[in-house]
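The sequence shown begins at 7 in my numbering and counts up by one. Read the structure below first, then the notes.
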Amino acid sequence: EILLRSPRGTYDWFRMRIHHLGKDAEDRDTVLVLLDAADQERVLQLENMRIRDFYQASLGETIAYAEVDLESGQLKDAGGLWADYRREYGHSQSTLLQFMRGQVKKSVRPSQQMDLLWELNAWSELLSQEQPIQRFRYQRLIQGKWHWVELVAHSFQEQLTENTYALLYLKDIDDQVRREHAQLEAASRDPLTGIYNRNAFEQAVLEYMQAGPEKREGVLILLDIDNFKKINDKQGHLEGDDALRYVTQLLRETFRQEDVLGRLGGDEFMVFLKGRVGREILDQRMSKFYQAMSTYPKFPITCSAGIAFVQGKDFSYQETLFQADMALYRSKQDGKCHYTYADEVRE
């Protein structure tokens, strides 16, 4: 192919073909030169080369990649963590989708397999959309450790052959995801005690009560340290903070790991016990909590509490909190340092 100046004054690409007129001696130095316009084809070739270079540069930041011919369903190329896939797939008798499902089950965290396998079942449809870029986040094993990765599936049509291909590549985003999780976790925690803040506690309760078709039950406990202002005034705010941290630790030791702990603000705490919990068990735990609180070595501290039972998907968090608050108020009126059930206040 050569680049020639056309009569229009522009330079265009042509394909040059040379033919000898004959094999006789007098025709040896006489040739016929034919020029065919090749500008469009050359442009397409250069564009494909540019795209290929672009993909190669992009793939330099990935940990695995694969190219799939969607017309034939064949794996054309693979590299990185998937370098062995081409050889393994060539020796298997399964379809490419079956092969990929098998790889998912071997390398993806079990709790995330079902979601990713469901996406794979619809991958041909996903990759044929007008904006055919799909992204999936999950955890996979990399050198014996679970890493967060992002799978990017990008389909495109090759202009010369009009074949449809998919480029799949995998990025290691473990540091990024862990930073995101750490930021979300920090935003949901009370900075002094490390337990949930008001908003995060409410969200955790709502997520539990509204999840699944079955009727959920639970117990909401609202606690308040008695005479906390006097503690701050007499002992100082640093000692008051230590008392708050001590109460937090007692709550962790008293209730189950799956129960939800939160700080409403100031000296008020919240506990949400998941599932059905009888009064006998609650009485035992509250007695344990009050006994432990009485052993605080620095100065006497006591606590009042209100307890409300919740059930049903249509429950109101604000109404339940109001009921627990009314029970807490009754405990304060009755001399503090004890707890009251909300249904006793209504009776």
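Just so it is clear, CB atoms sit at the ideal spot from N, CA and C, and this is done for glycine as well. A quick note: this is a predicted structure, and the numbers were derived from the prediction, not measured.
Check	Outcome
Rounded Cβ spacing between Leu229 and Ala314 (contact assumed at less than 8 Å)	Leu229 to Ala314, Cβ: 12 Å. No contact.
Rounded straight-line distance, which links the Cα of Ile24 to that of His97	46 Å
Where Leu157 falls: helix, strand or coil (DSSP)	strand
Ala172 - partner residues in DSSP beta bridges	Val74, Ser161
CB of Lys338 within 7 Å of CB of Ser300, strictly	no
Cβ neighbours of Leu256 in the same chain (closer than 7 Å, five flanking residues each side left out)	Phe295, Ala298, Met299
CB contact flag (Ala159, Val74, <7 Å)	no
Nearest neighbour of Glu264, chosen from Tyr71, Lys280, Asp239 [CA to CA]	Lys280
Beta-carbon proximity check, Leu123 vs Arg141, cutoff 7 Å	no
At least three beta-carbon pairs within less than 8 Å, the segment 173 to 183 to the segment 144 to 155	yes
Alpha helix (DSSP H) runs contained entirely in the segment 243 to 295, provided each spans 4 or more residues	243 to 260
Which of helix, strand or coil DSSP assigns to Arg115	coil
Reference Asp232; option with closest CA among Gln104, Gln189, Leu250, Arg93	Leu250
Backbone CA spacing between Ser293 and Gly246 [nearest angstrom]	23 Å
Cβ neighbour criterion (16 or more within 10 Å) applied to Arg146	buried
Which listed residue (Gly224, Leu81, Gln80, Ala193) has its alpha carbon closest to that of Ala330	Gly224
Touching by the beta-carbon criterion (3+ pairs, under 8 Å), the segment 99 to 117 and the segment 191 to 202	no
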